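Chains as they are written, first to last, in the working numbering: chain A, 6 to 275; chain B, 27 to 315.
This is the structure we're talking about:
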């Protein structure tokens with residue numbers, strides 16, 4: 006299909022105008038408003054005690070969510086890529102569920118399961134472990150929304166890899182742990198890396214699900230995203246912009262990693 | 027595939043015992059152990075919480091479910107959610123196709139950068155998306171567009187968060203499309219519009235539908251990006267996820283569970299249809315020589 010020059014320019018500029026109005030100008034505007042009063046004001050705003058404690062809480066959640074997702078995600082991906090078993094389709098569908106569930110529904114689900122009046126209410130009532138409106142619920146909500154990432158990034162790599170090398174290693178007498186450590190893990194490292202990057206970004210950025218299950222107390226149970234919303238509600242427009250810019254930096258880093266890994270993948274294919 | 031030549035490698039592999047005295051972890055016992063661990067993990071994290079919603083709703087009985095779903099605020103929120111999501115899906119299908127087209131068929135300075143930032147709405151936290159939209163389209167808008175607390179505001183926020191879906195589902199298909207078919211059609215005298223309608227569009231249709239369906243599904247459940255710009259005015263900008271949050275504030279768990287079930291069913295139906303469409307497209311591809 007040979008487009009005339011007019012049509013080509015028309016398409017190009019309409020598409021760019023749409024992206025400009027929807028994406029580029031709004032994001033640029035936030036950045037401009039954040040850095041207009043100077044870089045000092047930005048650091049002062051993200052350095053307040055409330056902001057520091059929100060950052061610490063968010064990072065603590067990441068520090069728990071990422072290892073759990075790796076520890077359970079990699080074996081799950083292995084089982085999905087290597088084994089045939091009854092109910093495999095069901096498990097596959099269940100893993101994709103978090104992508105389809107509204108964050109608010111995640112919150113409702115966790116409250117109805119772990120809350121004091123919930124199905125597993127005995128944990129709070131009997132064992133005295135407060136989950137909902139406490140730290141464990143923030144972790145549970147974050148794991149719910151991030152559970153597919155590691156599995157879905159690692160599984161296709163395992164499929165492509167095949168089992169030849171692993172079988173060769175086994176024939177040569179290596180234990181399953183040696184095989185995993187020396188053969189499987191090095192092969193999946195980039196998929197795993199990207200899965201972890203996505204998990205970190207989503208954990209830092211999750212809002213709806215965390216809002217529903219957190220008590221949202223400044224300095225105690227307020228994550229970075231909750232702080233953005235609280236500052237905005239309190240009329241601290243600039244403070245909200247500053248934290249938003251901090252979170253946006255994480256998002257941009259994710260995109261950079263994605264571009265790098267895509268380039269590697271294309272390079273490997275050649 | 028060389029399936030015919032070598033039978034099942036699992037069956038022919040000798041049961042060698044490794045130096046460490048352990049067999050490679052594919053014996054029957056280990057497999058079921060790993061399947062069990064994976065199933066328990068997914069169940070505790072994902073399935074049990076969702077089952078708790080069903081349990082709560084079942085506890086209230088059918089009458090309570092119907093009451094919750096037909097309550098005027100609930101019906102209003104469904105209408106707002108579904109109409110705006112549908113509009114957003116249609117607009118982003120059109121512009122998503124256009125953007126994907128320009129990114130694959132055109133060449134200009136900065137194309138790779140544009141290609142990379144398309145994913146920004148996926149990477150950005152929803153509350154930041156809300157703030158970002160508010161900056162340009164809220165009351166401090168430098169453009170003088172004030173859509174805060176209107177349906178248009180909700181729509182703009184949803185356009186933002188669902189932008190990548192259609193682009194990213196159409197782009198690889200456009201890239202793989204056989205240009206020779208288009209050239210053949212052109213040499214037979216077809217004009218551009220005919221080529222697009224008869225050659226390109228049919229090939230793109232499954233991916234267009236899938237992108238639109240994912241965008242719609244995401245829009246229906248969206249919460250974070252619409253709270254600030256929408257404001258949650260009942261019957262006007264209050265989407266269903268906001269209505270659920272309101273119900274929970276009043277501690278009406280059974281109604282919250284009922285509305286959640288409706289949202290879940292909508293999402294699952296879309297995913298189911300998409301799997302069906304995707305499966306058929308894959309089959310057609312397999313049948314093609």
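Glycine is no exception: its CB is placed at the ideal position from the N, C-alpha and C atoms.
On a predicted model such as this, the values are computed, not experimentally measured, just so you know.
From the DSSP output, in three-state form, read off residue i for me.
i             : result
residue 91/A  : coil
residue 54/A  : helix
residue 267/B : helix
residue 41/A  : coil
residue 150/B : coil
residue 168/B : coil
residue 282/B : helix
residue 234/B : helix
residue 179/A : coil
residue 262/B : coil
residue 43/B  : The predicted position of residue 43/B is uncertain, since its pLDDT is 39 and thus under 50; a value taken from the coordinates is nonetheless stated next. Residue 43/B: coil per DSSP, three-state reduction.
residue 137/A : coil
residue 69/B  : helix
residue 83/A  : helix
residue 241/A : coil
residue 248/B : coil
residue 144/B : coil
residue 267/A : helix
residue 174/B : coil
residue 246/A : helix
residue 93/B  : helix
residue 82/B  : helix
residue 54/B  : Any reading at residue 54/B is ruled out, since the residue's pLDDT is 47, under 50, leaving its predicted position unreliable.
residue 120/B : helix
residue 8/A   : coil
residue 77/A  : helix
residue 168/A : coil
residue 277/B : coil
How should residue i be labelled, buried or exposed, when 16 other C-beta atoms within 10 angstroms of its C-beta is the threshold for buried?
i             : result
residue 84/B  : exposed
residue 28/B  : Because residue 28/B carries a pLDDT of 34, less than 50, the predicted location of this residue cannot be relied on, and the following value inherits that uncertainty. Burial call: exposed.
residue 237/A : buried
residue 37/A  : exposed
residue 85/A  : buried
residue 17/A  : buried
residue 244/B : buried
residue 60/B  : buried
residue 134/B : exposed
residue 101/B : exposed
residue 153/A : buried
residue 41/A  : exposed
residue 213/B : exposed
Give me the Cα-Cα distance between residue i and residue j, rounded to the nearest whole angstrom.
i             : j             : result
residue 256/B : residue 207/B : 47 Å
residue 240/A : residue 233/A : 11 Å
residue 303/B : residue 230/B : 12 Å
residue 134/A : residue 128/A : 6 Å
residue 210/B : residue 217/B : 11 Å
residue 289/B : residue 102/A : 13 Å
residue 88/A  : residue 68/B  : 17 Å
residue 126/B : residue 194/B : 8 Å
residue 299/B : residue 118/A : 29 Å
residue 163/B : residue 12/A  : 30 Å
residue 211/A : residue 223/A : 17 Å
residue 159/B : residue 149/B : 15 Å
residue 39/A  : residue 81/B  : 47 Å
residue 297/B : residue 232/B : 13 Å
residue 64/A  : residue 75/B  : 25 Å
Going by C-alpha distance, which of the options is nearest residue i?
i             : options                    : result
residue 110/A : 77/B, 224/B, 126/B, 160/B  : 77/B
residue 26/A  : 130/B, 144/B, 92/B, 105/B  : 144/B
residue 138/A : 294/B, 275/B, 286/B        : 275/B
residue 58/A  : 230/A, 159/A, 202/A, 92/A  : 230/A
residue 94/B  : 293/B, 296/B, 280/B, 291/B : 280/B
residue 258/A : 205/A, 215/A, 272/A        : 205/A
residue 50/A  : 247/A, 190/A, 24/A         : 247/A
residue 112/B : 306/B, 182/B, 198/B        : 182/B
residue 116/A : 71/B, 204/B, 221/B         : 71/B
residue 132/B : 19/A, 253/A, 81/A, 40/A    : 19/A
residue 112/A : 90/A, 83/A, 146/A          : 146/A
residue 142/A : 202/A, 184/A, 70/A, 243/A  : 70/A
residue 167/B : 268/A, 34/A, 195/A         : 34/A
residue 104/A : 191/A, 190/A, 219/A, 156/A : 156/A
Completely contained alpha helix (DSSP H) runs for the segment 188–231 of chain A, where each covers 4 or more residues: 190–210, 213–218
Can you list the alpha helix (DSSP H) stretches of 4 or more residues lying completely in the segment 96–134 of chain A, in chain order? 108–119, 127–130
Considering only residues of the segment 195–232 of chain B, which uninterrupted alpha helix (DSSP H) runs meet the minimum length of 4 residues and lie entirely inside it, listed in chain order? 205–213, 218–221
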